[in-house]
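Encoded as structure tokens, the structure appears first; notes follow it.
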Amino acid sequence: MEKKKVVINEVLKVEDLRTYFYSYAKEAFIRSVDSVSFSIRKGEVLGIVGESGCGKSITAQSVLGLITDGPGIISGNIFLTHNGKTINLLEGLPDYVSVKTKRKAILEIAKDVTGWLKRSEILMKGIRGKVISMIFQNPKSALNPFITVGEQIAESILLHSSISAKKEAIDAAAKWLERVQIDSPSMRLYDYPFGLSGGMCQRVMIAMALSSEPALLIADEPTTGLDVTIQTKIIELLKQLKEELNLTILLITHDMSVIMQLADRIAVMYGGRIVEYGLKREIMDSSSFIRHPYTIALLNSQPTVEEIKMKERLRAIKGDVPDTITLYRGCRFYERCDLKNDRVKKKCKEAEPEMIEIGVGHYMRCYLAEG
Amino acid sequence: MRTRYIQRGAEVSEFSQIPIWRRANKKDLIQIGFGLFVVFFVLSSYITAVLHLLPYDPLKINLKEMMQSPDYRHILGTDFMGRDILSRIIVGSQAYFMPGLLSIIIALFFGIMAGLVSGYNGGMTDSIISYILDLIDSIPKMVIILLAIAFFRPGIYFIMLIVGITNIPTVASLIKSKVIFLKKRNFIEAGKALGLKTRDIIFKHILWYNCKAIVIIQATLGMAEVILIETSLSYLGFGVQEPEPSWGNMVAAGKDYFFMGDFFLSTAPAAAILISILGFYLLGDGLNNLLEWRRKR
Amino acid sequence: MKYTILWKPILKLVLREFFIAILLLLSVSILIFSILKLAPGDPLHIFINIQTQNPEEIAAIKREFGLDRSIAVQYLSWLNNLIHGNFGNSFRTGRPVFGELIKVGVNTLILTIGSMIVTLLIAIPIAVISSLRRCPFLSWGLTLFAYILSSLPVFWLGYIAIYIFTKKFNLFPFLSAGAASGFRINWIYFLLPIIVLGIGNGSISEIIRHMRAQLERVLSEDYIKAAKAKGASIWRHSFKEGILIPVTTMIAAKIPFILGGAVVVEQVFNWPGMGRLAWQAALDRDYPVIMGITIFAAVVVHLGRLSQTIVFAFVNPQTSEKGEAA
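Chains A, B and C supply the protein sequences, listed in that same order. The first sequence maps to residues 0 to 370 in numbering that gives the first Met the number 0. The second sequence maps to residues 0 to 296 in numbering that gives the first Met the number 0. The third sequence maps to residues 0 to 325 in numbering that gives the first Met the number 0.
Here it is as structure tokens:
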């Protein structure tokens, strides 16, 4: 792995992030995010892609410290660089405890976590919304139904910018609404979220998130739950805004086409781990013949126009996402892997492959790549 | 949040596999245990009273043993007429037990019916039923009871019938909101599409699978309320009359002694009231946490 | 700035609720009137027996009370009297019921509203703390404490309060007969029943349960997470749906409950209120008084519900938009 050195133009650097939840029912940890590392440079879009249930959203929420639910563990390092200063968002967290833990120990962890959460809240206060903003999936439920759209954007502006008069903030909110291409923004300011369509709500969310001019925007499945035509428009909008404002985006999606359109760098997640990580042109380049079997499967499950024309069957990935409770000795993708051959089969079963560099900044977790 | 990465289908099957005592929280188990202890106490004292298995006759006046403090012969002492307080407290449970059950059965039966019908059918039926239930809800329970007492001088069973009727709206609205919730999630349409009979959908899938918790919780809370009302009425002099014991009139009878500094006569039955109501509350709350577990976590 | 309160739908909604309330109150009056007619024996039986045995005089009294006309006419005239504030005369004192009701009704309203405030002051903090799930044992302890408070028999709690404050501190005369003038002088006498009823009315546990459930649900909503992600206060965002609406619901739902508890507390403290009057009327079978009280109580209950509707309409824009209560 890379050394613990923060490159100057890296906005966010995540090292060995683990987010575990304790399940009372199973009396075991659910290892939603298991030793994940990645970094985002300024003006870059990092896309995290994977099936639902692979821990993408949890990763994003861990970065922003939004996970407060029940006993569990968040550990690792998250370095955030802003205005020349670098801070670790997970400073002072107790070391993670072995996965097989008894109930009594869990209470101890829970106590620690409570204390840590308090510290995290203080640390995060100046960061949430100001340095890192987030947009959510299902925009309709992510907007407060009891407050007008204008007021919600204005609140964000009042909190994070030099504007302190409410009237000015409302004007600024109108400007932002215009910027995200909402018609007649001065009218829409006084609408409640339930009066708006899903696409409009997502535009409002984007306006709200960008109004504080954040260093990093986390887009958690920004197109899920929207109509396809609106999806395209939202992606177009994000693309445009990215060019205009030189945004740095952590894009989380299960939709390969979204990744193709927006991302510069890709991290493919499976079962709580990153299995492949690298520049988009490296991974998607048709000439590169080394790819992780899971990435290939994901790409294949996306039908191309030619395939639709030829009425071919959709190639779904067989099997299901593995549960993240069971401890696997071998590769997590083993059961579903199409490419496993006799040469590596034994190794795949025995031990999990390490992350190895196969190209410039292109990492992969597969024995096939070892050659 | 945790459900997001457990697959939907997996979640359901997972919960049905886990035995109920393992998903329970320790606190819930303590609450339920205490509640069950109280239920056991109430039930056994009722049976003891019915079978006349008491050490002392609760009505027997024994002026030689007036106002005794607790000792091995009278575990809770004796009152101002030398009657054994423990026996009186045990017999006092008779005052509300059967009438209370009657009121709960009435409230649950009609409440479930009204809730199911108005939630399932909606429209005009719903309006009419809601109107009737609103009408019942318009007058405070206690005032209705006092009204009935003024006009009819009814017995405890009649009063508890009224209590049962006044509890119908609560049960009905809970069941109704549950049915509407299920309806919104296309639960009922799905059942119909699968070719289930309406009767099966209503009674098996709505009532049994989804309203069980509400019914059990309402029954326990109903018992707590029955104790509250019966003791209040007896205290006011409308329920069970002296010399027949009831927790409420025992507290009232001990009043003069209370202000003279002899707290025990009032406090012993008051403690019985406190413990039993608390027991039913905690039982209800614990069961609520246990049975509605999936929704909570 | 343009405000977004939609007056027209709110007005429509409130008016509709108002008409329903009127309709319900009319039904209540019909119900009570039929109970009056259904009551075993002649409703005036006791009264007449006390006054006279002479059949002519009985007939005269019956005519005086309008009992010789048909039931519908009797009801209409009775209702007409009600609307004009004439609830009849008390059998016991012979004075008009309405005046007496107003006199004691104010006392009971003070008691009820005061204890509602006490109850909420206890219940809301506990509900908020336990919905946070930050310190599980503290919140469990507080909840248990609240449950014990709400299972305390209110009359016994009253005894203890009286004992402590009269015998130990000599703060006010024990069970003063002239209580009506008494409590103006001694504020503790005034506060004590309010606090006792506030603690012991038995609704604390239910308010906590309801509020905790609502607040937990709201705090797990997506929009609260989004608010947190943008650095805003989650309390500002969850206040309307998580606190204001459940509190209003509970206030409206628990008014009848506390009115009922007032009957007992007024008895314990000799508080000259409606509950005591109702108790006396029930003992004496004083029909006009108890009917007056019933209607008074029903009016109070519906006023509570109407204010709930108004709060909902203003708080929840969706309600006012759709023109129906959520």
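Each residue gets a CB set at the ideal place from its N, CA and C atoms; glycine is no exception.
With burial defined as no fewer than 16 other Cβ atoms inside 10 Å of the residue's Cβ, what is the status of residue i: buried or exposed?
{"i": "Thr85 of chain A", "result": "exposed"}
{"i": "Ser114 of chain C", "result": "buried"}
{"i": "Thr228 of chain A", "result": "exposed"}
{"i": "Ala71 of chain C", "result": "exposed"}
{"i": "Ala251 of chain B", "result": "buried"}
{"i": "Arg420 of chain A", "result": "For chain A, the structure presents residues 0 to 370; residue 420 of chain A sits outside this window and is missing."}
{"i": "Val116 of chain B", "result": "buried"}
{"i": "Leu120 of chain C", "result": "exposed"}
{"i": "Lys129 of chain A", "result": "buried"}
{"i": "Asn53 of chain C", "result": "exposed"}
{"i": "Ile74 of chain B", "result": "exposed"}
{"i": "Lys227 of chain C", "result": "buried"}
{"i": "His83 of chain C", "result": "exposed"}
{"i": "Arg94 of chain C", "result": "exposed"}
For residue i and residue j, I'd like the C-alpha separation in whole angstroms.
{"i": "Leu22 of chain C", "j": "Ala281 of chain C", "result": "27 Å"}
{"i": "Glu369 of chain A", "j": "Gly318 of chain A", "result": "26 Å"}
{"i": "Lys99 of chain A", "j": "Phe28 of chain A", "result": "Model confidence at Lys99 of chain A stands at a pLDDT of 49, short of 50, so the residue's coordinates are unreliable; what they give is reported in the following sentence. Distance between the alpha carbons of Lys99 of chain A and Phe28 of chain A is about 8 Å."}
{"i": "Asn299 of chain A", "j": "Leu278 of chain A", "result": "19 Å"}
{"i": "Asn248 of chain B", "j": "Ile223 of chain C", "result": "51 Å"}
{"i": "Asp255 of chain B", "j": "Leu191 of chain C", "result": "20 Å"}
{"i": "Asp15 of chain A", "j": "Leu273 of chain B", "result": "55 Å"}
{"i": "Ser183 of chain A", "j": "Ala173 of chain A", "result": "9 Å"}
{"i": "His291 of chain A", "j": "Cys365 of chain A", "result": "7 Å"}
{"i": "Leu243 of chain C", "j": "Arg304 of chain C", "result": "15 Å"}
{"i": "Met186 of chain A", "j": "Ser172 of chain B", "result": "39 Å"}
{"i": "Ala58 of chain C", "j": "Ile148 of chain B", "result": "27 Å"}
{"i": "Trp234 of chain C", "j": "Asn200 of chain C", "result": "29 Å"}
{"i": "Arg328 of chain A", "j": "Ile66 of chain A", "result": "28 Å"}
{"i": "Phe79 of chain B", "j": "Glu55 of chain C", "result": "51 Å"}
{"i": "Thr252 of chain A", "j": "Lys11 of chain C", "result": "45 Å"}
{"i": "Ala179 of chain C", "j": "Ala252 of chain C", "result": "Unreliable placement is indicated for Ala179 of chain C, whose pLDDT of 44 sits below 50; the coordinate value is still reported in the next sentence. C-alpha separation (whole angstroms): 29 Å."}
In chain A, which residues lie with their C-beta within 7 Å of the C-beta of residue i?
{"i": "Asp221 of chain C", "result": "Phe135, Asn137, Ser140 and Ala141"}
{"i": "Asn315 of chain C", "result": "Phe145"}
{"i": "Lys239 of chain C", "result": "Phe145"}
{"i": "Lys224 of chain C", "result": "Leu65"}
Note down, in chain order, each residue of its chain lying with its Cβ closer than 8 Å to the Cβ of residue i, except the 5 sequence neighbours on either side.
{"i": "Val49 of chain B", "result": "Gln93"}
{"i": "Ile104 of chain B", "result": "Gly163"}
{"i": "Ser163 of chain A", "result": "Leu157"}
{"i": "Pro287 of chain C", "result": "Phe86, Gly87, Asn88, Ser89, Phe90 and Val96"}
{"i": "Ser68 of chain B", "result": "Gly76 and Phe263"}
Considering only the alpha carbon of each residue, which of the options lies closest to residue i?
{"i": "Leu35 of chain B", "options": "B:Leu289, B:Leu281, B:Gly121 and B:Asn287", "result": "B:Leu281"}
{"i": "Ala270 of chain B", "options": "B:Val37, B:Ser137 and B:Ser176", "result": "B:Val37"}
{"i": "Ser61 of chain A", "options": "A:Ser74, A:Pro213 and A:Cys347", "result": "A:Ser74"}
{"i": "Val246 of chain C", "options": "C:Ile123, C:Pro54 and C:Gly260", "result": "C:Ile123"}
{"i": "Leu142 of chain A", "options": "A:Ile169, A:Gly197 and A:Glu90", "result": "A:Gly197"}
{"i": "Asp133 of chain B", "options": "B:Asn166, B:Asn209, B:Ile200 and B:Pro54", "result": "B:Asn166"}
{"i": "Gly131 of chain B", "options": "B:Gly110, B:Pro244, B:Leu277 and B:Phe150", "result": "Correcting the residue identity first, residue 131 of chain B is Ile in this sequence and not Gly. The shortest Cα separation from Ile131 of chain B among B:Gly110, B:Pro244, B:Leu277 and B:Phe150 belongs to B:Gly110."}
{"i": "Ile169 of chain A", "options": "A:Gln180, A:Ser155 and A:Ile181", "result": "A:Ser155"}
Residues of chain B with CB closer than 8 Å to the CB of residue i, please, in chain order.
{"i": "Gln307 of chain C", "result": "By Cβ distance, chain B contributes nothing, its closest Cβ being about 13 Å from Gln307 of chain C, past 8 Å."}
{"i": "Leu258 of chain C", "result": "Pro139, Met141 and Val142"}
Looking only at its own chain, which residues have a Cβ that is under 6 Å from the Cβ of residue i, when we skip the five neighbours before and after it?
{"i": "Gly197 of chain C", "result": "Ser114, Val117 and Thr118"}
{"i": "Tyr19 of chain A", "result": "Phe28, Arg30, Gly71 and Ile72"}
{"i": "Ile121 of chain A", "result": "none"}
{"i": "Leu62 of chain B", "result": "Gly81"}
{"i": "Leu290 of chain B", "result": "Ala212"}
Anything in chain C within Cβ reach of residue i, meaning under 7 Å, just list it in chain order.
{"i": "Glu154 of chain A", "result": "Ala231"}
Among the residues of its own chain, which have a CB less than 7 Å from the CB of residue i, if the five just before and after it don't count?
{"i": "Ser256 of chain A", "result": "Gln301"}
Report the neighbours of residue i on chain A: residues whose CB is nearer than 8 Å to its CB, in chain order.
{"i": "Lys227 of chain C", "result": "Leu65 and Arg127"}
So which residues of chain B does residue i contact, with C-beta pairs closer than 7 Å?
{"i": "Ile292 of chain C", "result": "Val142"}
Using a Cβ cut-off of 9 Å, pull out every chain C residue sitting near residue i, in sequence order please.
{"i": "Ser297 of chain B", "result": "Because residue 297 of chain B is not part of the residues shown, which for chain B are 0 to 296, the question remains open."}
{"i": "His159 of chain A", "result": "Lys229 and Gly230"}
{"i": "Lys124 of chain A", "result": "Gly230"}
Residue i touches chain C at which residues, Cβ-Cβ below 8 Å?
{"i": "Asp133 of chain B", "result": "Ile19 and Leu23"}
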